[in-house]
Amino acid sequence: MSEVFNFCAGPAMLPKPVMKRAQTEFINWQQTGCSVMELSHRSKEFMALAKQAETNLRQLMEIPDNYKVLFCHGGGRGQFSAIPLNLLPEGKHADYIVSGSWSSAAAKEAANFGNINTIDITDGSGDQTSVLPTAEWALSPGAAYVHYCPNETVNGIEVFDVPNTNGVPLVADMSSTILSRKIDVSQFGVIYAGAQKNIGPSGLTIVIVREDLLGNAQKQTPCIMNYKLTAENDSMYNTPPTYAWYLAGLVFEWLKEQGGVAAIETINRQKARLLYDFIDSSNFYRNNIAPQFRSLMNVPFWLNDESLNAQFLEQAEQADLVALKGHRIVGGMRASIYNAMPIEGVEALVEFMAAFANQHT
Ligand code: PMP
Numbered sequence: 374m375s376e377v378f379n380f381c382a383g384p385a386m387l388p389k390p391v392m393k394r395a396q397t398e399f400i401n402w403q404q405t406g407c408s409v410m411e412l413s414h415r416s417k418e419f420m421a422l423a424k425q426a427e428t429n430l431r432q433l434m435e436i437p438d439n440y441k442v443l444f445c446h447g448g449g450r451g452q453f454s455a456i457p458l459n460l461l462p463e464g465k466h467a468d469y470i471v472s473g474s475w476s477s478a479a480a481k482e483a484a485n486f487g488n489i490n491t492i493d494i495t496d497g498s499g500d501q502t503s504v505l506p507t508a509e510w511a512l513s514p515g516a517a518y519v520h521y522c523p524n525e526t527v528n529g530i531e532v533f534d535v536p537n538t539n540g541v542p543l544v545a546d547m548s549s550t551i552l553s554r555k556i557d558v559s560q561f562g563v564i565y566a567g568a569q570k571n572i573g574p575s576g577l578t579i580v581i582v583r584e585d586l587l588g589n590a591q592k593q594t595p596c597i598m599n600y601k602l603t604a605e606n607d608s609m610y611n612t613p614p615t616y617a618w619y620l621a622g623l624v625f626e627w628l629k630e631q632g633g634v635a636a637i638e639t640i641n642r643q644k645a646r647l648l649y650d651f652i653d654s655s656n657f658y659r660n661n662i663a664p665q666f667r668s669l670m671n672v673p674f675w676l677n678d679e680s681l682n683a684q685f686l687e688q689a690e691q692a693d694l695v696a697l698k699g700h701r702i703v704g705g706m707r708a709s710i711y712n713a714m715p716i717e718g719v720e721a722l723v724e725f726m727a728a729f730a731n732q733h734t
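Sequential numbering of the sequence shown, starting at 374, is according to the numbering used here.
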């Protein structure tokens, strides 16, 4: 079978070497005679694997020692509830910055658990959607925390500057940007991410939480969402998603072999530039986000003649370029180009897009 490039926004493609290694180890992991998914999470083999995965993630992201790394269930949306449950005491409020559909959904869910102040930072008044500079975000006094989503997976909007919240804990939904570029973890109170884009398969959620934020959970917080309890139990208060944890560990090893986050960021910037430059140079396709806020990971684009959408998708699939259909909220197309997407995949996409445009002009 020829190589397929999968542009799905998530679950997304995983690095080929990782998949091959998982295949080799599938039914006999480390000479145990069992698959890793058949072992107790408390077996010494699995505990060692779990620890190593955390160590590698800590190295990759340079996570300071005063942060806990939690391996949770429940995906990004699970954290939409867990964040207010753990961080929003009664009588206080939290600021939710809205820059697209996921940050809006996070705010809506959080409102089930406390007082939420939403702050829209998008500016759609021009031809291109733009975002207010972080210094102009109208944060409210006395917020328990500020929540934002640095990369909006659906809208393709990325905020590269980290806002200064004057000491108020900053919470970031990094589901679609984690490990794609260097960040300074110490600027954040909590970082969370569903695994199914840059980390591994769905079913695992990473939470990186500063220690001083543990221990203030609302009374009704379910045990499996309680950060303190999860941390005290090394993310094994209940049975963790062991196979997803194993695969995440393999992805972290792979990323270290690539040279780590700085090295993959260079490639990610090349991939994104290649695609955006092509779109900008064409009269056939367009992207409507202001250049300084364009996502490195999720590139939405539209055909000027939308009646060709179905044909575009069908021919792309025939060319082994799959899952390019845009999210139903914004329509058009979307190419998700996470860490595992090689530059050859983006080159093949640009080549296909150019040929399709030629055929129809
Ligand atoms: N936040 C962001 C930025 C996302 O992209 C997604 C899923 N694509 C979610 C949250 C929700 O994640 P999940 O489906 O794992 O709940």
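Each residue gets a CB set at the ideal place from its N, CA and C atoms; glycine is no exception.
Quick one: what does DSSP say residue i is sitting in, helix, strand or coil?
i	result
residue 440	strand
residue 653	helix
residue 637	helix
residue 407	coil
residue 450	helix
residue 485	coil
residue 379	strand
residue 393	helix
residue 609	coil
residue 533	coil
residue 624	helix
residue 587	coil
residue 508	helix
residue 701	coil
residue 630	helix
residue 694	strand
residue 572	coil
residue 398	coil
residue 463	coil
residue 603	helix
residue 615	helix
residue 597	helix
residue 476	helix
What first and last residue would you give for the beta strand (DSSP E) that runs through residue i?
i	result
residue 563	563-567
residue 545	543-546
residue 731	Note, residue 731: premise wrong, no beta strand (DSSP E); alpha helix (DSSP H) at 716-732.
residue 519	519-521
residue 675	671-676
residue 711	First-last for residue 711: undefined, no H or E at that position.
residue 471	466-471
In the DSSP assignment, the alpha helix (DSSP H) including residue i goes from what residue to what residue?
i	result
residue 554	Unbroken run through residue 554: none, as it is neither H nor E.
residue 420	417-434
residue 685	682-691
Any heavy atom of the ligand HEM closer than 7 Å to the CB of residue i?
i	result
residue 522	No copy of the ligand HEM appears in this structure; the ligands present are the ligand PMP.
Since I believe residue j is in contact with residue i (beta carbons under 8 Å), could you give me their beta-carbon distance rounded to a whole number of angstroms?
i	j	result
residue 581	residue 597	That belief does not hold up - the Cβ atoms of residue 581 and residue 597 are roughly 18 Å apart, past 8 Å.
residue 642	residue 669	7 Å
residue 590	residue 443	Contact flag wrong, Cβ pair sits at about 13 Å.
residue 387	residue 625	At roughly 12 Å, the Cβ-Cβ gap does not stay under 8 Å, so residue 387 and residue 625 are not in contact.
residue 720	residue 602	Not really, about 47 Å apart at Cβ, beyond 8 Å.
residue 530	residue 502	7 Å
residue 459	residue 610	14 Å between Cβ atoms; not a contact.
residue 689	residue 651	No, residue 689 and residue 651 are not in contact; Cβ-Cβ is about 15 Å, not under 8 Å.
residue 675	residue 649	At roughly 14 Å, the Cβ-Cβ gap does not stay under 8 Å, so residue 675 and residue 649 are not in contact.
residue 536	residue 507	4 Å
residue 644	residue 551	17 Å between Cβ atoms; not a contact.
residue 527	residue 723	Their Cβ separation, rounded to whole angstroms, is 22 Å, which puts residue 527 and residue 723 out of contact at 8 Å.
residue 468	residue 516	4 Å
residue 662	residue 544	In fact, because the Cβ distance is near 24 Å, the residues do not count as touching under 8 Å.
Here's the rule I'm using: 16 or more other beta-carbon atoms within 10 Å means buried, otherwise exposed. How should residue i be labelled?
i	result
residue 546	buried
residue 485	exposed
residue 498	exposed
residue 573	buried
residue 427	buried
residue 570	buried
residue 399	exposed
residue 615	buried
residue 452	buried
residue 415	exposed
residue 393	exposed
residue 714	buried
residue 374	exposed
residue 677	exposed
residue 465	exposed
residue 482	buried
residue 731	exposed
residue 539	exposed
Hey, does residue i have any beta-carbon neighbour from chain C nearer than 8 Å?
i	result
residue 461	The structure shown contains no chain C, having only a single protein chain.
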